[in-house]
Each structure stands twice: as C-alpha cells, then as structure tokens.
Amino acid sequence: MAEAPDVSVLSQRARLAVALHLFRGYCDRRSLHHPEIDRYLGHLWEFV
C-alpha cells in the first residue's frame, strides 16, 4: 500500500477540502446517497 502524502504543509481549510472531496468519492463508490450526507457536506464546504 502506498504511503499517505504529507499534508502538514497544507492549511486547515485545504485539509478540510481534501477530506470532503475524498469522503464524497467514498460515498459515491459505496452508493451512499442521502439528503443528510449532502447537507452535512454542504455545511462543511461553507468553511472552505
């Protein structure tokens, strides 16, 4: 398995954006679709 990249140089907002993008991709691949997930992600994107 590949080593995770070092994100320590990224700002908190950049880290949040990466995490939200990865979580959305995970949900899509697992066919997890629900309005609460969309609201949660939308709410967190407001911080970015």
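Here the sequence shown stands for residues 86 to 133, where the numbers follow this note's numbering. By construction, the Cβ of each residue, glycine as well, lies at the ideal position given by its N, Cα and C atoms.
N- and C-terminal bounds of the alpha helix (DSSP H) containing residue i
{"i": "D91", "result": "Looking at the DSSP string, D91 is not in any alpha helix (DSSP H), and its letter there is neither H nor E."}
{"i": "H128", "result": "120-130"}
{"i": "R109", "result": "97-114"}
Contact set for residue i: own chain, Cβ-Cβ below 8 Å, skip 5 residues either direction
{"i": "L129", "result": "L101, L105"}
{"i": "F108", "result": "L126"}
{"i": "A87", "result": "none"}
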